[in-house]
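**Q**
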Amino acid sequence: MLEVENLSVAYGAVQALKGVSLRAETGSITAVLGANGAGKTTLLRAISGLVSTQTGTVRFGSRTLTGMPVERIVQSGVGHVPEGGLVITELTVAENLELGAAWRYGRRERARHLNEVYDLFPALKERSSQHASSLSGGERQMLAIGRAVVSHPSLLLLDEPSLGLAPIITANLMAVLLELTRQEDLTVLLVEQNARSALSIANWAVVINLGTVVVSDRAETVAADSDLRHHYLGF
Amino acid sequence: MRLFVNITLGGVAEGLIFSSVALGLVLIFRATNIINFAQGAMAMLTTFIAFSVLGKGVGYWPAFLVALACGLLLGGVVQLTLVRPVQNKPPLNAVIVTFGLLIFLEGIAGAIWGNTNRGFPAAFSQKGLVVGKTAVAFSHFDIFIVVAVLALSILVGVLFRFTTVGLRMRAAAFAPEAARLLGVRVGRLLTLGWALAAVAGALAGLLVAPTSVFSPGYMDLILVYAFTAAVLGGLDSPLGALVGGVITGLALAYVGGYLGGSLQPIGALVLLIVVLMIRPEGIFSQPTARRV
Amino acid sequence: MIKIGPLPSWARLPRQPLLRHLLFAVVGGVFFYFLTQSLSDFNNFELGELAVYAIAIAGLSVLTGTNGQICLGQGAFVAVGAYTLAELEVHQSINLALQLLAAAAMAGAVGLVIAVPATRLRGPYLAGMTLLFALALPFLSDKYGNFFGGDQGLTVLPPSAPGSIDPVKWLTWIQLFCALVVMLLLANLLSSRFGRSFRAVRDDEVAAALAGVHVARNKVIAFVVSSACAGLAGGLLALSSGVVNTGEFPLSLSIFILAGMVLGGTGSVFGAWWGSILVVYLPNQWSQSLGNTFHFNHLVSANFAVIAFGAILIVMMLVAPSGIQGGVRWLGRRLVTFSTPTEPAGNISVSLQQAAEPQRSHDGSEAEHPPTDSGAAG
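Protein chains in written order, with the numbering used here: chain P, 32 to 266; chain Y, 934 to 1225; chain G, 69 to 446.
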């Protein structure tokens, strides 16, 4: 279980998060929703240690993640797919995946885990020896997710995986995510601007506005609340 | 014709030495966006340490290994103590720190070993080989230079291309944040990168010393020639550093052979100007890797 | 903390930067006039040297602090100026002022040749190229010994003083006058349109280009200004040393000047004086007295200055990148606050922290820059 308590983050004079608290049950998908600049990305970056926090703690299972360096947070089972994917374009597809697996698995085991990713995203297998720079937007997003799940994390942080993708590809990605959470005890925090598709697979939803949590409820409840949708989610 | 052949052979050997220093510059530049102006001075220091070890009468090869080991250590220590604090500051801060280190190390070497010109022994004979019946200006030591630098380049290539550490180092260089999100300890790899670059420098120091006067400033010109070579090769391409070094070595050999040795530094300046005017991104730069 | 109420109008500094800078220059001139009257010949000679190095440092400081570029071979441009003046004196006797202008112009022209190719790309090209230039220049005088006077170098006669004025004092006045004029010009340059575009380029080249600044040209101009300052300093140096040869302009001179700039306060025209004190006194007097105190052997004595300058460069960058002038301003703000918002004097400097665009940091924000570093301007 992920527990975030009273998390605050500032960039200089700009307060990006003001005392955010949330919980995510093991094996659930939590959609983190809200307008541009609400603080969703910052929340994920704070959890994985990419930005330093002013106050608050992040606990995952029995561990306190707050204050740990990014690499160690990742190595305690947190996979973070950043906004835009950040695939390493100078490396090949296979090298990107190898890198994701390398901290956890030895050379021999890696091949097997790479194949699992290729099963999830067959498009990547065809292009495994190509440089990631040659991938399309959707393929890059697949690679970014594959690179994060190849090491079998227990918590997956996804930052706008559907950004710029065609609806059909988005739907595919969401289906894969759903499958992943069903197969293993994976907890997912899914940041989306596309609230509709996020809510379609999420169990829980958290709506953030101006750095604070305004709503935290079951996904169906949020999806059904038309006032809320109009106010914060724009659909 | 014989003169031309001899100059060319000399240029290749000299150029491979530039390649070795340039390789060190490139390894550091593409990982940290810093040009290590102390690369030559660090090599000078390790070569002087080898000189002292030689003075103890232990023979050439132990001293050779000591120099390389000291390079490894020095590179790591410099990165940890001096470079890491300026890593995320404006790039000029790092330029000033490495430039300060250049003069600091030269001063220290002068204070310990003196500023006089000395001689440094070569691993192999420096007498020209005889091919058929003609003597050529290429010695056993020049062969050693070629073998040593090519071996180093191949080792670096294998490390980067085929090992997990190499994969991590490339990732850390190209995309530090993404690498950290994949569990790569970027900070450690930067230290390792500096250490490896300093080993390449230490090798160059040992190779240059027998062919020139040996004093605390003897790597100064080699450093700027290697910089020229690295820019020619594209600043972020190890292969470019290798090729750029040979091209620079040849160009300077022809300038020295036909126009006079004291024009070599001016020749390098002209070469650098020409490269920057005609192809500023260098021969081997990957456009996607360049962070301007 | 001392609080000072609204100053009476006569005590306020003029609002226009030009007038304010002129006022400083005049006050400085009067101060130096009386100072030279009370000093011995030798001390006046040293004061002249101080002025000379302050010129070279101030030029570099403008380049680095306000335009975000660096020259590792400022000493070589000093040499260009010195040789230019000496050649003019050997071959053609012309007016001293013209000789000095020629020294500055020649160094500026050489700077142009270096800067045009090196500023086409952003990156370490200019730094590397200026270092190569500094190392290459002495070889020219080896190759063309007849023209450059070889190892002996060229002889320069000190300028003849009018009337009964002491020749040493006359030369010191010339050097001080040049220093004040250069600083006045630099300060005015920085508060002009050019100064604003220099800083814009330093802060963000892309944004500056979008705002209509011709980035490459702007960088070239800043470099030429800096080189010309060094050239003028070289001309003045030739006058007081009496001889110009390559031994006078080793790589260490460039390093001394750079260290002087960093110590004085990068970007601060006035801070150049602090740096100049270091460049004039550390290699000679201070090294000697420290050597006598701590009984250095001859190798340590011979290398003490370079070790010290290297250490200063490194330590200042790690500990106090805004230099002495940055510290002075910080103290000034701490101790005295004016209750009326008068514009601070010498508002021409920045800390080196700002001397280039903030680099991407690992967390993607600029929060790693400590706030004290960005407040050093003004």
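C-beta atoms are modelled at their ideal positions from N, C-alpha and C, and glycine is treated no differently. Computed from a prediction, not measured in an experiment: that's the story for all the values here.
Is there a Cβ of chain Y sitting closer than 8 Å to that of residue 394 of chain G, yes or no?
**A** It does not: the Cβ of residue 394 of chain G has no partner Cβ on chain Y nearer than 8 Å.
**Q** Under 8 Å, Cβ to Cβ, is there at least one residue of chain Y near residue 202 of chain P?
**A** Cβ-Cβ to chain Y under 8 Å: no for residue 202 of chain P.
**Q** Starting from the beta carbon of residue 389 of chain G, find every residue of chain Y whose beta carbon is closer than 8 Å, and list them in chain order.
**A** Per Cβ cutoff of 8 Å: 1022, 1026.
**Q** Would you report the Cα separation of residue 941 of chain Y and residue 1180 of chain Y, rounded to the nearest angstrom?
**A** About 10 Å.
**Q** How would you call residue 388 of chain G, buried or exposed, if buried means at least 16 neighbouring beta carbons within 10 angstroms?
**A** That one is buried.
**Q** Under the rule that 16 or more other beta-carbon atoms within 10 Å means buried, what is residue 129 of chain G, buried or exposed?
**A** So residue 129 of chain G counts as buried.
**Q** When you compare only the Cα positions, how much space is there between residue 1032 of chain Y and residue 378 of chain G?
**A** Distance between the alpha carbons of residue 1032 of chain Y and residue 378 of chain G is about 8 Å.
**Q** What residue does the beta strand (DSSP E) around residue 39 of chain P start on, and which one ends it?
**A** Segment 33-42, the beta strand (DSSP E) holding residue 39 of chain P.
**Q** Going by DSSP, name the residue or residues bridged to residue 1147 of chain Y.
**A** Answer is Y:1051, bridged to residue 1147 of chain Y.
**Q** Per DSSP, what kind of secondary structure is residue 252 of chain G in: helix, strand or coil?
**A** Reduced to three states, the DSSP call for residue 252 of chain G is helix.
**Q** Name the one or two DSSP bridge partners that residue 311 of chain G has.
**A** Beta-bridge pairing links residue 311 of chain G to G:223.
**Q** Are the stretch 1151-1167 of chain Y and the stretch 1066-1085 of chain Y touching, with three or more C-beta to C-beta distances below 8 Å?
**A** The stretch 1151-1167 of chain Y is not in contact with the stretch 1066-1085 of chain Y.
**Q** Give, in chain order, every unbroken run of the alpha helix (DSSP H) that is at least 4 residues long and sits entirely within the stretch 1012-1072 of chain Y.
**A** Counting only runs of 4 or more, we get 1024-1046.
**Q** If we define contact as Cβ-Cβ less than 8 Å, is residue 1043 of chain Y a contact residue for chain G?
**A** True, the Cβ-Cβ gap to chain G drops below 8 Å.
**Q** Of all the CB atoms in chain Y, is at least one closer than 8 Å to the CB of residue 268 of chain G?
**A** False, the Cβ-Cβ gap to chain Y never drops below 8 Å.
**Q** Near residue 420 of chain G, what residues of its chain come up, given a Cβ to Cβ distance below 6 Å and the 5 sequence neighbours on each side ignored?
**A** Note that residue 420 of chain G has pLDDT 41, beneath the 50 cutoff, so the model's placement of it is unreliable and no number is given.
**Q** DSSP state of residue 197 of chain P, grouped into three classes?
**A** Here residue 197 of chain P sits in coil by DSSP.
**Q** Since I believe residue 164 of chain G is in contact with residue 230 of chain G (beta carbons under 8 Å), could you give me their beta-carbon distance rounded to a whole number of angstroms?
**A** Not really, about 11 Å apart at Cβ, beyond 8 Å.
**Q** Determine the DSSP secondary structure at residue 211 of chain G, reduced to helix, strand or coil.
**A** Reduced to three states, the DSSP call for residue 211 of chain G is helix.
**Q** Report, in whole angstroms, the separation of the C-beta atoms of residue 1005 of chain Y and residue 1142 of chain Y, which I expect to be a contact under 8 Å.
**A** With a Cβ gap of about 19 Å, residue 1005 of chain Y and residue 1142 of chain Y do not count as contacting.
**Q** Run through the DSSP bridge pairs and tell me what residue 91 of chain P is partnered with.
**A** Residue 91 of chain P pairs with P:33, P:94.
**Q** If you draw a straight line from the C-alpha of residue 937 of chain Y to the C-alpha of residue 1117 of chain Y, how long is it?
**A** Distance between the alpha carbons of residue 937 of chain Y and residue 1117 of chain Y: 50 Å.
**Q** Report the three-state DSSP secondary structure of residue 1209 of chain Y (helix, strand or coil).
**A** Three-state result, residue 1209 of chain Y: helix.
**Q** So residue 948 of chain Y and residue 1182 of chain Y are supposed to be a Cβ contact under 8 Å. How far apart are they, rounded?
**A** About 2 Å separates the two Cβ atoms, so the contact holds.
**Q** Give the straight-line distance between the Cα atoms of residue 312 of chain G and residue 80 of chain P, rounded to the nearest whole angstrom.
**A** Approximately 59 Å between the Cα atoms of the pair.
**Q** Mark residue 219 of chain G as exposed unless 16 or more other C-beta atoms lie within 10 angstroms of its C-beta, in which case mark it buried.
**A** Residue 219 of chain G should be labelled exposed.
**Q** Report yes or no: do the stretch 169-189 of chain P and the stretch 96-110 of chain P share at least 3 C-beta pairs separated by less than 8 Å?
**A** Result yes; three or more Cβ-Cβ pairs closer than 8 Å.
**Q** In angstroms, rounded to a whole number, what distance separates the CA positions of residue 99 of chain P and residue 177 of chain P?
**A** Cα to Cα, residue 99 of chain P sits roughly 24 Å from residue 177 of chain P.
**Q** Look at the Cβ atom of residue 1043 of chain Y, then the Cβ atom of residue 371 of chain G, and state whether they are nearer than 8 Å.
**A** Yes, they are a contact pair.
**Q** Taking the continuous beta strand (DSSP E) assigned at residue 1190 of chain Y, which residues delimit it?
**A** From DSSP, residue 1190 of chain Y is part of no beta strand (DSSP E); its letter is neither H nor E.
**Q** With residue 939 of chain Y as the anchor, note down where its alpha helix (DSSP H) starts and where it stops.
**A** Looking at the DSSP string, the run of the alpha helix (DSSP H) that includes residue 939 of chain Y is 935-965.
**Q** Assuming residue 201 of chain G contacts residue 295 of chain G under a Cβ cut-off of 8 Å, what Cβ separation, rounded to an integer in Å, is found between them?
**A** That pair is no contact at about 10 Å.
**Q** For residue 1097 of chain Y and residue 1126 of chain Y, what's the separation of their Cα atoms in angstroms?
**A** Computed Cα separation, rounded: 14 Å.
**Q** Given that residue 101 of chain P touches chain Y, what residues does it touch there, using C-beta distances under 7 Å?
**A** Ordered by position in chain Y, the residues that pass the 7 Å Cβ test against residue 101 of chain P are 1113, 1114.
**Q** Is the beta carbon of residue 1131 of chain Y less than 8 Å from the beta carbon of residue 953 of chain Y?
**A** It is not a contact, given that the beta carbons lie outside the stated cut-off.
**Q** My output table needs one value for residue 49 of chain P: the three-state DSSP class, helix, strand or coil.
**A** Of the three classes helix, strand and coil, the one that applies to residue 49 of chain P here is strand, per DSSP.
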